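One structure is given below, encoded as structure tokens.
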Amino acid sequence: MSRAAQPDPPRTTSIKRNKPKNRKQKKRHSGASPNAAARPAAPSADPATAAITNAPAVKSAVPKPAPPGPSAANKIKPAMAPTRPAAPPAAAAPARIQTGPSSGVTGVALLLDTCDAVLQALQTSPRRLLTWIVGIYGGLWFVAAIGFPSPPIGSYEMFLFGQEMQWGYWNDPPLAPWLTQIAYTLTAHWISSQFVLAIGSILLTLYVVWKLGLEIVGHSGAALAVALTILIYYFGPPVTTYSPSVAQLPLWAATIYLYRRAVLDDESASWILLGVASAFLLYAKYTGGLLLIVLALHFFLTAEGRSRKSGTGPYFALSTLLILLMPNLNWLAHHNYSPFVSERPELTGFVPRAVATVKFLLAQIGFHAGPIAIAGLALVPKIPLQGEPITIELGTPSRFDRTLVLATASIPVLLISAITFLAGVDQRTEVGGAVVALSGLAMVVLLPTRIVLHAPRLVTCLWLLALIGLPIGHVALTHAKARFSGQMPTQMVPAGNLSAAMESIWNSKVPSPLDIVTGDVVEAGFVVMSARPRPSAFIDADFRKSPWITPERLKRSGTLVLWATDQFPRTDELPAPYRATLGELKATFGSMVLPLGFGKLKTYGWAVLVPDEPKP
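One gets this note's numbering by counting positions in the sequence shown from 1 and adding 164 to each.
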């Protein structure tokens, strides 16, 4: 703005006062302040007053203000009052020493921040959350499993069976032993390869549950289903053993997924894949037949399934299943269907059968206590550390999907309970471990589509503690049992030392290599696993359990017999169950004491049964 466009500043009258001679006369300003010209006009309607001089004392006569300019920008601003010189900075106060905790994030605060991050990821990026979950879960359990000197008890059976490569075995189908032997061979005889199989099977199960949940209840619902599934007991310590139950879990989930896709899409490829998955399901564990019964019922009882009856797809699936299953069916027929013959005594009477049935059901409910407790706490208001409530939107499952998930998650357990009562077979509680793949998804399907978590922070903290703490607790508990309990866990037994001692004893008595080891699964497994070359196991000296052993081979090769004295105290004669089969061979007896660690010892009896001398 040019100076000519500005209105004339008002004149002022000052009363002059005598000034000291040594003081320099300040320059008098006229007109508007430079700062006032740069700033926009104040919204006040009153015109500006006269500029104030810097004289020490001023009496000003204020004339009528000049009329405002044509624009608001031309309004005259009052001059800025002079500011006093800034006071010199005060001396810095000495720093105060904190007596409390350091300024770093405490463990509790870190846990709470992690919980909040998990909750946010559940709502905004569930796929990334799933990746982190399965990565941490798989890594922790693999480290927990691989840190022991020996495999768990169930692994020995898989190794003993796998090296014989039969179409079936006396108590289970062949898939788990086959894969155990294949992994062992491909990894250059790495015994811990079975841990890779076990953890990999569980991670594959969680992935299929995620895929199925994604199509039924959406991203958040699928992530929630995986998080709940991890809390089931069968996804805890049992995952360190590659067993038929663990091998069946991913196939159980995959069969349901392929059945759903086959019925809804009605493509020939989907039906054929369903037949392949069903066959491998039965090759893993025969309890898979219960799932096929449930799927058949679901097929005929739903409108979507009945609409496919007249098509060729179901026949493709059934034909594929029978073709692939034929070798195992043939083996069963030649071995008197031995996997279906229970060695447990039959329960007689209504009360014992009812008690066994209720016990099995209560055990299965107890194994699901983790997800049930977490789901219950999340919905309970007004509890400590609950955090701000959050709302989760789930997809609405169709009637077909809802009935499919709920039926496959619950009916197989009820069928096992019915078999327990009707057949009088006291089922082991671990049998239920093969049928729980969809339990977490079933819990999510039962929830409303819009759920409010009243205590999200608390349950997330508990869930994280379980995710991280269970593998650590498993290791700590195993070491505590080894140190303080009367019986040494199988994982802590120095099996390699026992195997080396037995090989040395055999080589001192017999010039030919060790070919057969006789004993129960554990004792025979201790020797077979570390021996080179690996001999065959003659389990319980029973030809039915070890069909690869024949009387002719036994006489030709001889055998090393091993037993624990806490089962059979005598070391100068064969255990009673072995005498009928091995009594004709010439035997040399002895005993050895194996140091187990932690100041514990275990005594074994052994016998070297010398092979017959070849006839000239």
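Note that the Cβ used here is the ideal one computed from N, Cα and C, for glycine as well.
Bear in mind the structure is a predicted one, so any value in this text is a computation, not a measurement.
Y479 counts as exposed, since fewer than 16 other beta carbons sit within 10 angstroms of its beta carbon.
Less than 8 Å separates the beta-carbon of W374 from that of L294. If you draw a 10 Å sphere on the C-beta of G754, you find fewer than 16 other C-beta atoms in it, and that means exposed. Looking at the backbone, the Cα of P675 and that of I297 are separated by about 55 Å. Per the C-alpha coordinates, the member of T613, L465, E510 positioned closest to E557 is T613. The beta-carbon distance between L376 and A598, rounded to whole angstroms, is 18 Å. This is too long to meet the 8 Å contact definition.
Cα atoms of G689 and F702: separation of roughly 10 Å, rounded to the nearest angstrom. Scanning L586, R621, F399, V569 for the CA closest to the CA of A273 turns up R621. Within the same chain, and ignoring the five residues on either side of G596 in sequence, the residues whose Cβ sits closer than 8 Å to its Cβ are Y398, F524, A527, Q528, F531, V577, I580. Taken through DSSP and simplified to helix, strand or coil, T270 comes out as coil. Bounds of the alpha helix (DSSP H) holding I310 are 290-310. Under the three-state reduction of DSSP, R614 is assigned to strand. Beta-bridge pairing by DSSP links T555 to V616. Counting the other CB atoms within 10 Å of its CB gives F762 a total below 16, which places it among the exposed residues.
Here DSSP, grouped into helix, strand and coil, assigns W770 to strand. Runs of the beta strand (DSSP E) lying entirely within the segment 704-735, each at least 3 residues long, are 723-728 in chain order. Assignment of P775 by DSSP, reduced to helix, strand and coil, places it in the coil class. If you ignore the 5 residues before and after R517, its C-beta comes within less than 6 Å of the C-beta of L511, F585, G588, all in its own chain and listed in chain order. Burial check for R592: the Cβ neighbour count within 10 Å stays below 16, so the residue is exposed. Straight-line measurement puts the Cα of T270 at about 43 Å from the Cα of T351. Residue pairing by DSSP puts T682 in a beta bridge opposite F702, V725. Across the structure, A542 and Y742 are spaced so that their CA atoms are roughly 57 Å apart. Taking a contact as a CB-CB distance under 8 Å, the pair A411 and S365 counts as one, their CB atoms being some 6 Å apart. Taken atom to atom, the span from the alpha-carbon of S432 to that of K473 is near 13 Å. Per the DSSP secondary-structure output, G761 pairs in a beta bridge with K764.
DSSP, read as helix, strand or coil, puts S755 in strand. Contact check between the segment 662-670 and the segment 682-698: three or more CB pairs, one atom from each, fall below 8 Å, which counts as touching. In this structure, the straight-line span from the alpha carbon of S289 to that of E687 is close to 50 Å. Cβ neighbours of T654 within its own chain (closer than 7 Å, five residues either side excluded): S314, P316, I317, V686.
The beta carbon of S672 lies closer than 8 Å to none in the same chain, with the five residues before and after it left out. By the Cβ-count criterion, Q345 is buried, with 16 or more other Cβ atoms from all chains shown falling within 10 Å of its own Cβ. The Cβ atoms of A308 and H638 lie closer than 8 Å to each other. Between P535 and V609, the alpha-carbon positions lie close to 14 Å from each other. Annotation note: the segment 482-543 contains the following uninterrupted alpha helix (DSSP H) runs of length 4 or greater, listed N- to C-terminal: 514-531, 533-543. Judged by beta-carbon spacing, K719 lies within the 8 Å limit of P775, meaning their Cβ atoms are closer than that value. Counting only runs of 4+ residues, no alpha helix (DSSP H) is found wholly inside the segment 371-397.
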